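Protein chains in written order, with this note's numbering: chain A, 1 to 163; chain B, 1001 to 1445. The C-beta atom is built at its ideal place from N, Cα and C for all residues, glycine as well. Please read these numbers as outputs of a predicted model, since none were measured by experiment. These notes are about the structure you will find just below.
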Amino acid sequence: MRGPLNVPRPVQGQPVIIHCGAPVTANSAEVVLTEPATMAEAKAGRAKWQALSPRARYVVRLEVILGETAAKRAAELDAMAADNRLRFVGTPEQLAAHLAEWHAAGVCDGFDILPAVMPIDLDLLADEVVPRLRARGLRPGGYAGRTLREHLALERPLSRFAA
Amino acid sequence: MTRQMHLGVFTYPGGHHIAGWRHGSVVPGDILGYDYYRRTAEAAERGKFDLVFVGDMLAAREKDGRVIAQGALNNIDSISILSAVAGATKHVGLVATLSTTYNEPFAIAERFSSLDHLSGGRAGWNIITTANDDAALNFSRKSHMEKTMRYQRAGEFVDICKGLWDGWKEGAIVADRAEGTFVDTSKVHEIDHKGQFFSVKGALDLPRSPQGWPVMVQAGGSPAGLEFAATVAEVIFAAQSDREQAIKFRAAVKQRMPGHGRDPAILKVLPGLLPILGSTEKEALAKEKMLNELLHPAVGIWMLSEQMQFRLYDYPQDGPLPTKDIRASGSAFTPRVVHLMERADREGLSVRECGILVAASRSHGSFVGTPEMLVDHMKLWLDEGACDGFNIMPAWFHDEMDLFVDQVVPILQRRGLFRRDYEGPMLRHHLGLPIPAASAGRLAA
Chain A
1 MRGPLNVPRP
11 VQGQPVIIHC
21 GAPVTANSAE
31 VVLTEPATMA
41 EAKAGRAKWQ
51 ALSPRARYVV
61 RLEVILGETA
71 AKRAAELDAM
81 AADNRLRFVG
91 TPEQLAAHLA
101 EWHAAGVCDG
111 FDILPAVMPI
121 DLDLLADEVV
131 PRLRARGLRP
141 GGYAGRTLRE
151 HLALERPLSR
161 FAA
Chain B
1001 MTRQMHLGVF
1011 TYPGGHHIAG
1021 WRHGSVVPGD
1031 ILGYDYYRRT
1041 AEAAERGKFD
1051 LVFVGDMLAA
1061 REKDGRVIAQ
1071 GALNNIDSIS
1081 ILSAVAGATK
1091 HVGLVATLST
1101 TYNEPFAIAE
1111 RFSSLDHLSG
1121 GRAGWNIITT
1131 ANDDAALNFS
1141 RKSHMEKTMR
1151 YQRAGEFVDI
1161 CKGLWDGWKE
1171 GAIVADRAEG
1181 TFVDTSKVHE
1191 IDHKGQFFSV
1201 KGALDLPRSP
1211 QGWPVMVQAG
1221 GSPAGLEFAA
1231 TVAEVIFAAQ
1241 SDREQAIKFR
1251 AAVKQRMPGH
1261 GRDPAILKVL
1271 PGLLPILGST
1281 EKEALAKEKM
1291 LNELLHPAVG
1301 IWMLSEQMQF
1311 RLYDYPQDGP
1321 LPTKDIRASG
1331 SAFTPRVVHL
1341 MERADREGLS
1351 VRECGILVAA
1361 SRSHGSFVGT
1371 PEMLVDHMKL
1381 WLDEGACDGF
1391 NIMPAWFHDE
1401 MDLFVDQVVP
1411 ILQRRGLFRR
1421 DYEGPMLRHH
1431 LGLPIPAASA
1441 GRLAA
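This is how it looks when you write it as structure tokens:
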């Protein structure tokens, strides 16, 4: 590989490096996406990752089915095809409390939320859950920055040619 | 009825005149942002253009191993640009350039299928084998693949892509809510391809896109490129600056098409055209002079040396182009280089003059004059069978593109030479091309 690249350095210096599953190399991950089955498993996984990539944001993947009819919809979905993801079924108020509980336990830095049905669960998430998280001081009122690195409070990597 | 022409715009960072980026209206930092490309695509759609065309280089522009200091940049990735502007436009076709030498067929088939789905049937693929040797050094290879081999690889590559696109028949997506069946698997086919260069099992991970295949575009003018064009091209983006040569070139491709079972009538040849316009001829000539004065002399000599694969740096710049020495170097010259050397001999052009010639339009056709004169010029090329339209290469963005759209297109429309509105949503509609039957790909079972 001779290089240089045929376009200048991108806005963020480098895109945010996200790992799913097993660690690749030390300090390579800036965001770690995990799919733990329980809170205890998430905690253990985070400890393992912190040794390897201490600055990485540790994010837990969570499927959500929301609203008054959530339990009924969950049963219908499972009748068609069941999966084994970590899942939350309940009202937006309950989800906000659930996320706050995980956050307070220091299990993770955030969540990668999988709305079970688009756009129903995504709309409920944006319209009903996020305002409750804001009220609890767990989400900012808006974007403070412009780049993904700024949203995640990750540093812009120095160029290896910076000297 | 008058034969109508097809129009594309070739996007380029800064502009197509190599010094275009130095013009005061260009904000050089903008060329890496979305708005720069959005503006070009919106102007093209306002002018009812057939397509927006984006190129690809796979290496930084260099001289003797250093990035050339005076030249403008390459484009950012063509598929990224066109996926972004697809959201800002509704009709204009989106032609991305991707190399068959430095990619794998499955990934390319997936990307063009995606662009075609996302844009509602507006994708086109400019199939290149990559001409610049230095790309090899960025792709884990010691040297660039030899040309005949590159075109063999391209042929197999394109066949595989067509097979992958065809692998999902029409109606494969049933989305039966009651039964819980999304895909009719009897309509999805693996291709099980094992060939000289590739082995690909399939099926593609996406259903057939609105156009079936993206419009197949080709840009090489060498004998091998010409043969390849005759086998696959629906549109040719040609570097032709001489009308007689262009007539011969178009006829030569069309003549070869029936041998490959193809109808020559579908072919659309679109030479590049760099217009320099003024409200009077004098004003246009002054604009050309201004642009050529912005041209850094080193850029002209560098571009000439690169194209001729011959170092001209130590020759006197005002002396004649040393065509004897260049020919003796024994490089395999492209048709455009051969053409330029013939012209230099005939007209006694100096190294500097050839540099300006190459740098100003990058060997494509150019025209200096009023909008009316330009329309006459375009009509002559069309009437004489030199082309089916043009790929417009504005000297700089965005003023010169706006000038063409707002002052030339209305004249073309008034004279019945160009559409007043789009007749369908897809690029194949604009170009009058058929939607390939799902069984047209040679590999599909």
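Note on B:Met1290: under 16 other CB atoms within 10 angstroms of its CB, so exposed under the neighbour-count rule.
The beta carbon of A:Gly13 is closer than 6 Å to those of Arg156, Pro157 in its chain, skipping five residues each way along the sequence.
Taking a 10 Å sphere around the C-beta of A:Pro119, we find fewer than 16 other C-beta atoms and assign the residue as exposed. Using a Cβ distance threshold of 9 Å, B:Ala1203 and B:Leu1164 count as a contacting pair. If you draw a straight line from the Cα of B:Gly1355 to the Cα of B:Pro1297, it is about 8 Å long. Between B:Val1358 and B:Leu1304, the gap from beta carbon to beta carbon is short of 9 Å. Interface annotation, B:Met1145: not in contact with chain A, CB-CB separation never under 9 Å. Here A:Val107 carries a coil assignment [DSSP, helix/strand/coil]. At least one beta carbon of chain A lies nearer than 9 Å to the beta carbon of B:Ser1140.
A contact is defined here as three or more CB-CB pairs under 8 Å, and the stretch 1119 to 1129 of chain B meets this definition with respect to the stretch 1411 to 1428 of chain B. Runs of alpha helix (DSSP H) with 4 or more residues, each lying fully within the stretch 102 to 162 of chain A, are found at 120 to 124, 130 to 135, 148 to 151, listed in chain order. The beta carbon of B:Thr1101 sits closer than 6 Å to the beta carbons of Thr1129, Thr1130, Met1145, Arg1150 from its chain, once the five residues preceding and following it are set aside; these are given in chain order. Following the DSSP letters along the chain, one finds A:Cys20 inside the beta strand (DSSP E) bounded by residues 18 to 20.
When rounded, the separation of the alpha-carbon atoms in B:Lys1090 and B:Ala1332 is 43 Å. Restricted to the stretch 1287 to 1314 of chain B, the alpha helix (DSSP H) segments that are unbroken, complete and at least 4 residues in length are 1297 to 1308, listed in chain order. Counting along the chain, B:Ser1366 sits inside the beta strand (DSSP E) bounded by residues 1365 to 1369.
At a cut-off of 9 Å between C-beta atoms, B:Ala1059 counts as an interface residue with respect to chain A. The C-beta of B:Gly1015 comes no closer than 9 Å to any C-beta of chain A. Chain B places no beta carbon closer than 9 Å to that of A:Pro54, leaving this residue out of the contacts.
In the DSSP assignment, B:Leu1098 falls within the beta strand (DSSP E) that extends over 1093 to 1099. Scanning A:Pro140, A:Arg134, A:Val117, A:Ile17 for the CA closest to the CA of A:Thr69 turns up A:Val117. At a beta-carbon threshold of 8 Å, the residues of chain A lying near B:Val1067 are Pro4, ordered along the chain. In this structure, B:Pro1105 sits away from B:Phe1182, with a CB-CB distance that is not shorter than 9 Å. The continuous alpha helix (DSSP H) containing B:His1117 extends over residues 1105 to 1118. From the listed residues A:Gly137, A:Gln94, A:Pro54, the smallest Cα separation to A:Leu124 is found for A:Gln94. Taking a C-beta cut-off of 9 Å against chain A, none of the residues of the stretch 1307 to 1319 of chain B qualify.
Per the C-alpha coordinates, the member of A:Trp49, A:Ala40, A:Val130 positioned closest to A:Ala97 is A:Val130. Taking B:His1398 as the centre and dropping the five residues before and after it, the same chain places the C-beta of Arg1039 closer than 6 Å to its C-beta, in chain order.
For the stretch 1093 to 1119 of chain B, there are no residues whose beta carbon sits under 8 Å from a beta carbon of chain A. In the three-state reduction of the DSSP assignment, B:Gln1218 falls in the strand class. Annotation note: the stretch 1384 to 1426 of chain B contains the following uninterrupted alpha helix (DSSP H) runs of length 4 or greater, listed N- to C-terminal: 1399 to 1403, 1409 to 1414.
Between the alpha carbons of B:Met1378 and B:Ile1191 lies a gap of roughly 44 Å.
From the beta-carbon of B:Gly1180, the residues of chain A found nearer than 8 Å are Met80, Ala81.
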